[in-house]
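In what follows, a single structure is set out as C-alpha cells and then discussed.
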Amino acid sequence: MPWGVVYYRSADGRVPADEFLDRCPDKVEATILAVLEAVRRAPPPAFSGGGKWEAMHGTMGGYYEIRVTGPGRRQYRLFCRLENGTPGELAARGFPGPQIVVVNGMAKPSGKLFSDADYRRHVRRLADEYLSTLPRRIAV
Amino acid sequence: MHDTGHHDRRLQRRLRESPEFRAEFARQQREIAAIDAVINTLDELRTERNLTKARLAREIGKNEASIRRLLTAPVNPELRTVVALADALDADVRIVPRKRSAARRKTQVA
Chain L
485 MPWGVVYYRS
495 ADGRVPADEF
505 LDRCPDKVEA
515 TILAVLEAVR
525 RAPPPAFSGG
535 GKWEAMHGTM
545 GGYYEIRVTG
555 PGRRQYRLFC
565 RLENGTPGEL
575 AARGFPGPQI
585 VVVNGMAKPS
595 GKLFSDADYR
605 RHVRRLADEY
615 LSTLPRRIAV
Chain C
45 MHDTGHHDRR
55 LQRRLRESPE
65 FRAEFARQQR
75 EIAAIDAVIN
85 TLDELRTERN
95 LTKARLAREI
105 GKNEASIRRL
115 LTAPVNPELR
125 TVVALADALD
135 ADVRIVPRKR
145 SAARRKTQVA
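Protein chains in written order, with this note's numbering: chain L, 485 to 624; chain C, 45 to 154.
Listed below in C-alpha cells is the structure:
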C-alpha cells in the first residue's frame, strides 16, 4: 500500500511547505511532487526518487531531502520526515497508515551552503513542534 | 482520523491548472522510473548472484562505500559505474526507443 503524504501545519495555521512550493518555478515544483509520488510508492529502504531523494546526516539525521536544481542553477530543497509504526501508534497520531511528512523547503544559490542555524530555524524547530503534538497537526 | 488528502488535492489542482507543470511532472515521472529501475535491477541481479556489495565493488575496482551508497541510498550514479556494475553482473545496459505515437509522427511530418 502506498504511503500517504502530509504537510506540517503550524499552530497559527500556516503551511510552510505549501508556501515554499508556491514560490517554486512550475518545473521545480513538478519535479519535487514527482519525487514525492515515487517515494510514497516505494518508501525507504527501497531505492526510489531517481537520485533526488536523499537521507540526511549529522544534526539532520532522521530527515530526508528532495534536491532539485532550478533556473540559474538555484538549488531547491524540500525537507521531510517519515512517520511509521504500529497501526495503534499511527492511529494515535491521526494516521490510517505510514506517512511522508513534508516539513518545509528552502532555496539557495548554487555553491552556497545552508547553515546549521538555517536548518534549526526553518526545519528542526518546526519538526520538533510537529512531533510534540498528538494527534499530529497537518494541513487539511 | 485525519483527512490526509491535502497533498493529493494540491497535485491534482496543479495538474489541472498548469500545462507546463503537467508536462514536467510526466517527464520527471518517466525519468525517475527509469533511474529507479536501473538501480533496482542491478541490486536484484547482485542478490541473485549471491554477491556482497563489497565483492561487487572489488570486481569493478570501486571502493565498497560508494557501491553500498549507490545501491541503498539514492545518489546520482555515474553512467560508467552503472555500465561497469552491469558488466560485472553479466548484464547489458540498453536504450530502447519507444514506439513513436501517431501524434509525434504527425508533428515531425508537418
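Just so it is clear, CB atoms sit at the ideal spot from N, CA and C, and this is done for glycine as well. Quick caveat: nothing in here was measured; it's all calculated off a predicted structure.
For residue i, the three-state DSSP class (helix, strand or coil)
| i | result |
| --- | --- |
| Leu562 (chain L) | strand |
| Glu61 (chain C) | helix |
| Arg507 (chain L) | helix |
| Thr553 (chain L) | strand |
| Lys143 (chain C) | coil |
| Tyr547 (chain L) | coil |
| Glu567 (chain L) | strand |
| Val624 (chain L) | coil |
| Ala530 (chain L) | coil |
| Ile584 (chain L) | strand |
Partner residues on chain C for residue i, Cβ-Cβ distance less than 7 Å
| i | result |
| --- | --- |
| Thr515 (chain L) | Glu68, Gln72 |
| Asp510 (chain L) | Ser62, Glu64, Phe65, Glu68 |
| Tyr614 (chain L) | Per Cβ cutoff of 7 Å: no residues; Tyr614 (chain L) is ~13 Å from chain C at best. |
| Pro529 (chain L) | Thr116 |
Continuous beta strand (DSSP E) stretch holding residue i: start and end
| i | result |
| --- | --- |
| Val519 (chain L) | Note, Val519 (chain L): premise wrong, no beta strand (DSSP E); alpha helix (DSSP H) at 510-525. |
| Ala539 (chain L) | 537-539 |
| Tyr491 (chain L) | 488-491 |
Contact with chain D by residue i, beta-carbon distance below 8 Å
| i | result |
| --- | --- |
| Ala611 (chain L) | The chain labelled as chain D is not found among the protein chains of the depicted structure, namely L and C. |
Under 8 Å from the C-beta of residue i: neighbouring residues of chain L
| i | result |
| --- | --- |
| Leu55 (chain C) | Leu517, Glu521 |
Closer than 9 Å at the beta carbon, the chain L residues around residue i
| i | result |
| --- | --- |
| Thr48 (chain C) | Gly488, Val489, Val490, Gly578, Phe579, Pro580, Gly581, Gln583, Ile622, Val624 |
Boundaries (first-last residue) of the alpha helix (DSSP H) holding residue i
| i | result |
| --- | --- |
| Val127 (chain C) | 123-132 |
| Ala109 (chain C) | 108-116 |
Contacts that residue i makes with chain L (C-beta to C-beta distance below 7 Å)
| i | result |
| --- | --- |
| Asn84 (chain C) | Phe531 |
Decide yes or no for the touch test of the region 59-69 of chain C against the region 508-517 of chain L: beta carbon pairs closer than 8 Å, at least 3 of them. yes
Are the region 538-552 of chain L and the region 90-105 of chain C touching, with three or more C-beta to C-beta distances below 8 Å? no
What are the residues of the region 102-113 of chain C that lie near chain L, defined by any Cβ-Cβ distance shorter than 8 Å? none
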